[in-house]
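Novice: Numbering (my numbering), first residue to last: 6 to 575. All residues carry an ideal CB built from backbone N, CA and C; glycine is no exception. Computed from a prediction, not measured in an experiment: that's the story for all the values here.
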Amino acid sequence: MTIHRGATRVIVLVFVVGLAAAWYVALPPHMQPPAAPAAKEQRVLRGAIHVHTRRSDGTGTVEEVAAAAARADLDFVVFTDHGDGTRSPDPPQYRDGVLCIDAVEISTLHGHVLALGLPRAPYPLGGEARAVVDDIARLGGFAIAAHPHSNKPELDWSDWTVPVAGLEWLNGDSQWRDESGWSLARALFTYPARGIETLVSLLDRPEAALRQWDALASQRPVIAVAGADAHARIGLRSLGEPYDNSASVHIPSYERMFRLFSNVVPDTTLTGDPAADSASVLTAIRAGRLYSVVDALGAGTFSFTAQAGETRAHAGDVVPTAAPLTIRVDMRGPSDARIELWKNGAVAATSGGARLEYSAPSGDAPGVYRVEVLRGGAPGEPPIPWLVSNPIRVGQPPAQARSSRKAATSVVSLYTNGPATDWAIETSLASRAALDVVSGVRGQELALRYALGGAASASPFAAFALTAGPDVANHDRLVFTARADRPMRLSVQLREPAGEAGHRWQQSVYLDTEPREVTVHFDDVRPVGDTPRARPTLASVASILFVVDTVNTPLGGNGRIWIDDVKYAR
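(1) My output table needs one value for R531: the three-state DSSP class, helix, strand or coil.
(2) Buried or exposed for T85, going by 16 or more other Cβ atoms inside 10 Å?
(3) For W28, which residues in the same chain have their Cβ closer than 6 Å to its Cβ, ignoring the five residues on either side in sequence?
(4) Using 8 Å as the Cβ pair cut-off and three pairs as the minimum, do the segment 256 to 266 and the segment 220 to 239 touch?
(5) I'd like the span of the beta strand (DSSP E) that includes I228, first residue to last.
(6) Skipping 5 residues on each side, what residues in its chain have a beta carbon closer than 6 Å to that of P168?
(7) Please specify which runs of the beta strand (DSSP E), each continuous and at least 3 residues long, are wholly inside the segment 280 to 318, giving them in chain order.
(8) Looking at the structure shown, is N176 part of a helix, part of a strand, or coil, going by DSSP?
(9) Starting from L114, follow its DSSP beta bridges and name the residues at the other end.
(10) CA-CA distance, L295 and A192?
(11) Of all the options T195, D529, R509, V269, which has the alpha carbon lying nearest to the alpha carbon of P537?
(12) So what does DSSP say about D209, is it helix, strand or coil?
(13) Compute the distance between the beta-carbons of G132 and S513, then report whether it is under 8 Å.
(14) Under three-state DSSP, which class holds W391?
(15) If distances are taken between C-alpha atoms only, which option among G350, S155, A383 comes closest to D341?
(16) For a test of the three-state rule: what should DSSP assign to G445, helix, strand or coil?
(17) Counting only the same chain and skipping the five closest in sequence on each side, list residues whose C-beta sits under 7 Å from that of L160.
(18) For N557, does the count of other Cβ atoms within 10 angstroms reach 16, so buried, or fall short, so exposed?
(19) Using CA atoms only, rank isn't needed, just tell me which of R360, A365, T472 is closest to A353.
(20) Assuming L330 is part of the beta strand (DSSP E), what are its boundary residues?
(21) Using 8 Å as the threshold, is the segment 561 to 568 in touch with the segment 450 to 459, meaning 3 or more CB pairs across them?
(22) Which same chain residues end up closer than 6 Å to R375 when comparing Cβ atoms and leaving out the 5 residues on each side of it in sequence?
(23) By DSSP, does A460 sit in helix, in strand, or in coil?
(24) How is the alpha helix (DSSP H) around E260 delimited, first residue to last?
(25) Just reading off the beta strand (DSSP E) that W567 is part of, what are its end residues?
(26) Can you tell me whether P475 is helix, strand or coil according to DSSP?
(27) Pick from A506, R48, P127: whose alpha carbon is nearest that of V533?
(28) Specify, as a first and last residue, the run of the beta strand (DSSP E) that V417 falls within.
(29) Below 8 Å on the Cβ atoms is my contact criterion, and I expect A313 with V399 to pass it. Report the Cβ-Cβ distance as a whole number of Å.
(30) Is the beta carbon of A301 closer than 8 Å to that of I228?
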C-alpha cells in the first residue's frame with residue numbers, strides 16, 4: 006500500500022512538473038515595456054477608438070474605462086457602444102484626465118459602422134448600409150467601416166460601393182478570429198502570466214483590409230484607424246463572443262488592450278475644454294490627420310511630410326499642384342525599424358534608417374502616398390506593421406465616371422390627382438394603416454396613415470401597395486413626390502409575384518417635411534430577406550410597395566406620409 010501511494014505521488018508530481026514545463030514553453034517571449042519619454046510630448050495625443058461599455062456588450066463603466074485609459078497613458082477614448090443612433094450621446098467630458106468622446110456602432114445589413122460626431126438621430130438608423138451612411142453624413146457625422154474582412158460573416162463589411170469616410174485597417178476583434186483553435190487555447194493558457202506578450206502574438210498583417218483601403222483611396226479620400234474593439238470580455242459558451250453574459254471571462258482587460266496599439270493625433274494640444282477638444286480630435290480623425298502604432302512593439306515619434314513647390318502637406322492633406330515632389334519621413338524609434346513608402350498600393354521606396362526621402366518629377370508625382378514602418382521579428386504571418394500612417398494625396402482624385410443614366414425621355418403616370426383605384430393596404434397583425442385622398446397644393450394627393458403595433462419579433466409593418474401593371478417592364482425607374490410629418494425613411498419595394506409571400510427587392514429613401522422628388526432606379530434595388538436573386542425580373546413584378554417598418558420607425562410609432570405624381574420613367 007505504501008509503495009502504491011508513493012508511486013501515485015510520483016506520477017502526480019511528474020504530471021504537475023510536465024504541465025508547468027509545457028506552460029513555460031508555451032509562454033511568448035518576455036517583452037521589455039516601451040521606454041517612456043522623459044516628458045510627455047506636447048501636441049501629440051494618443052487614444053483608443055472603438056470601445057464598448059456596459060451600455061452594450063462591454064463589462065466596464067465609462068468611469069472604469071477612463072481609469073484604465075489613464076493608466077495606459079492615453080489622452081482620449083472614443084466610446085462606440087452598439088445602438089441605432091437614437092440615444093443622445095453623452096457630452097464630451099474629462100475623466101481621470103482622459104477626454105471621453107461618445108459615439109455609436111450601428112448594425113446594417115452589410116456590416117457595422119462607427120458613427121463619429123453624430124448627434125441624436127430623429128429615427129432609428131439601420132437597414133441598408135448605404136442608407137445608414139447617408140443618414141450619418143446628413144446629420145453631420147462620419148462613418149467608419151468596422152472590422153472589415155472579419156472572419157465572422159455578419160461582421161464583415163460587404164458593400165464597398167457605400168461611400169464610408171474610413172475603415173479600420175486593424176481591429177482587435179478580427180485579430181483573434183483568424184487564429185487556429187490551438188493558438189487561442191494557448192493564448193488563454195499564457196495570458197495570465199504574460200498578457201501583453203500574448204496579445205501581441207495574435208497580431209498579424211490584415212492584408213485584405215489594407216488592400217481594400219488602397220483601392221478605395223485611389224478613387225477618393227478614405228481614412229484608416231486602428232479599432233480596439235475593446236469589451237474586456239470573451240464568452241465561453243459562445244466561443245469568444247463578447248455579448249455572452251452567462252459564461253464569460255473578463256479578458257483581455259481594457260488597460261492591456263489600450264497598451265497594445267493606439268491612434269496618434271499629432272500637432273494637437275488639449276485645452277481642457279472638453280467640447281472644444283472633442284471637436285479638435287474628431288476633426289483630425291475625419292481629415293485623416295492621425296497614424297496608428299502598435300505600442301507594445303516599441304515607442305517612438307514619427308513625421309510624414311510632402312513638399313511640392315510652395316505647398317507643404319501632412320497626412321490627410323491634398324497637394325493639388327503637379328510640381329516636383331519631395332517626401333520626407335522621419336522616425337525616432339526601434340533601431341531595427343524599416344520605413345516603407347507606399348504609392349497607389351505598392352511600395353515605392355524603403356529605408357533602413359531613421360529617415361526616408363523620396364523625390365519625383367512633376368509628371369510622376371501624382372498619387373496617394375502613405376507610410377508603413379516595420380520591425381524585425383514582429384509577430385504574424387505576414388508580420389504586423391509597427392506603424393501605419395494616413396495618406397497624403399498629390400494631385401486630384403480621378404474624375405468620377407459620369408453616370409450612364411440619362412434624363413428620362415419616356416414617362417407613364419401611375420397616380421396623379423385622382424382616386425386611389427389601384428392601391429391596397431397590407432399590415433402585420435397588430436399594425437394599422439389607412440389611405441385617404443386629400444387636397445394638396447397641386448390638386449389631390451394620397452395621405453397614408455400608419456401605426457406600428459405588436460411585438461418586435463413579429464416584424465411590424467404597414468405597406469401601401471400599388472398594382473405594378475405591364476408598363477414596369479418597359480422602364481428603368483420609379484419617380485414620385487413625397488413628404489412626411491417628420492423626418493423618416495420609407496422602404497420602396499418591388500414584389501414578384503403577387504401576394505405577401507412574393508420575393509421583394511427594396512431601396513430605402515429619405516423623406517422630410519418638405520415635398521421632394523424621389524427616384525428609385527430599378528438596378529439599385531437590393532433583395533429583401535431570403536430573396537434568391539440580386540435583381541427582379543421586371544416583367545414579373547406585380548406590386549410596388551411603400552413600406553413603413555421597425556427598421557427605421559420605432560415600435561408603436563405612428564404618422565402620415567403624402568405621396569403624389571407616381572410614375573415610371575426611362
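Specialist: Well, looking at it:
(1) Three-state DSSP puts R531 in a strand.
(2) Buried is the call here.
(3) Caution is warranted here: a pLDDT of 41 is assigned to W28, below 50, making its placement in the model unreliable, and the coordinate value is therefore given only provisionally. Taking C-beta separations shorter than 6 Å and ignoring five residues to either side along the sequence, W28 has no partners in its chain.
(4) They touch, by the three-pair rule.
(5) I228 -> beta strand (DSSP E) spans 228 to 235.
(6) Excluding residues within five positions, none has a Cβ falling inside 6 Å.
(7) With a minimum length of 3 residues, the continuous beta strand (DSSP E) runs that stay inside the segment 280 to 318 are 296 to 298, 306 to 313.
(8) Correct three-state label for N176: strand.
(9) BP columns for L114 are empty, so no partner.
(10) The straight-line gap from Cα to Cα measures roughly 31 Å.
(11) Just measuring C-alpha positions, the residue of T195, D529, R509, V269 sitting nearest P537 is R509.
(12) Note: D209 maps to coil in three-state DSSP.
(13) Yes.
(14) Residue state, collapsed to three classes: coil.
(15) Checking every option, the nearest Cα to that of D341 belongs to A383.
(16) Under the three-state reduction of DSSP output, G445 falls in the strand class.
(17) Closer than 7 Å at the Cβ level, and outside the excluded window around L160, lie G116, H117, H152.
(18) By the 10 Å Cβ count, N557 comes out buried.
(19) Checked all of R360, A365, T472; the closest Cα to A353 is A365.
(20) Run containing L330: 330 to 337, per the beta strand (DSSP E) assignment.
(21) Proximity of the segment 561 to 568 to the segment 450 to 459 meets the contact definition, three or more beta-carbon pairs being nearer than 8 Å.
(22) Cβ within range, chain order: W347, S394, P396.
(23) In this structure, A460 counts as coil in the three-state DSSP scheme.
(24) Per DSSP, the unbroken alpha helix (DSSP H) holding E260 starts and ends at 259 to 265.
(25) Start and end: 563 to 574.
(26) DSSP, reduced to helix, strand and coil, places P475 within a helical segment of the structure shown.
(27) Here the closest residue by C-alpha is A506.
(28) Annotation for V417: the continuous beta strand (DSSP E) segment containing it runs 416 to 420.
(29) Right, the Cβ-Cβ distance comes to about 7 Å (below 8 Å), so this counts as a contact.
(30) Going by C-beta atoms, I228 is not nearer than 8 Å to A301.
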